[in-house]
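S.K.:
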Amino acid sequence: MIRFIVAVIGALALVQTFGLARGAAAQAQPWNQEVMTATAGELEDTISGLRDVVRGSPNLDIPAKKAVVKQIVDNLRQMEASASSLHASLKRGAAMEETLPTYMRLQQLRRDTAVLAERVDITAVTAPKLEQAQALLHKMEPYYPAQPAVPPVKVN
Numbered sequence: 001m002i003r004f005i006v007a008v009i010g011a012l013a014l015v016q017t018f019g020l021a022r023g024a025a026a027q028a029q030p031w032n033q034e035v036m037t038a039t040a041g042e043l044e045d046t047i048s049g050l051r052d053v054v055r056g057s058p059n060l061d062i063p064a065k066k067a068v069v070k071q072i073v074d075n076l077r078q079m080e081a082s083a084s085s086l087h088a089s090l091k092r093g094a095a096m097e098e099t100l101p102t103y104m105r106l107q108q109l110r111r112d113t114a115v116l117a118e119r120v121d122i123t124a125v126t127a128p129k130l131e132q133a134q135a136l137l138h139k140m141e142p143y144y145p146a147q148p149a150v151p152p153v154k155v156n
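Listed below in structure tokens is the structure:
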């Protein structure tokens, strides 16, 4: 039984490794450590402090919107941590394969936060920084494998 479990885990690791290798071949530009490190530093600076601005929003006092604003604040906390982690990893020399999960997480958090911000009308506060973050993530995009297109989410 244990041999079977080890074999399954080994097979999954092998499939994941081939998936990463195939994805690495699909990147649009060759890896440029200096550009990526500088861009990650800009991203870290852009995102930092945004959480404090949202905490000062008057929407935090409205009970119906409080849960959504708290989710936005939590997403921004995760974005700050991920941006710091990405920048630190790149500064110590990490390449695309090591930083891809963090980059993908940042992309997902940015999309989720933009959708949530529309629900509580704090886009005036968050939109400029999130758009700047999107521009920086877009600048990094050619250095990572192409990601599947995500359809826009309709907000009710």
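This note's numbering applies: residue 1 is where the sequence shown begins, and numbers increase by one.
The beta-carbon is built from N, C-alpha and C at its ideal position, and this holds for glycine as well.
Does any residue of chain D bring its CB to less than 8 angstroms from the CB of Ala114?
M.R.: Any reference to chain D falls outside this structure, which holds one protein chain only.
S.K.: Run through the segment 60-123 for me and flag every whole alpha helix (DSSP H) of 4 or more residues, listed as ranges in chain order.
M.R.: Listed in chain order, the complete alpha helix (DSSP H) runs (minimum 4 residues) inside the segment 60-123 are 63-91, 96-119.
S.K.: Quick check: the Cα distance between Gln27 and Ile72, rounded to an integer number of angstroms?
M.R.: So the two alpha carbons sit approximately 31 angstroms from each other.
S.K.: Among the candidates Ile122, Gln147, His138, whose CA atom is the shortest distance from the CA of Val53?
M.R.: Closest option to Val53, Cα to Cα, is Ile122.
S.K.: Apart from the five residues just before and just after Arg192, which ones in its own chain have a Cβ nearer than 8 angstroms to its Cβ?
M.R.: Nothing about residue 192 can be reported from this structure: the residues present for the chain run from 1 to 156 only.
S.K.: Using a 10 Å radius around the Cβ and a threshold of 16 neighbouring Cβ atoms, would you call Ala21 buried or exposed?
M.R.: Confidence is the limiting factor: at Ala21 the pLDDT is only 45, short of 50, which leaves the residue's position unreliable, though a coordinate-based value still follows. It counts as exposed.
S.K.: On the premise that Gln147 lies in contact with Met104, defined as a C-beta separation below 8 angstroms, what is that separation, rounded to the nearest angstrom?
M.R.: The Cβ separation is near 7 angstroms, so the contact holds.
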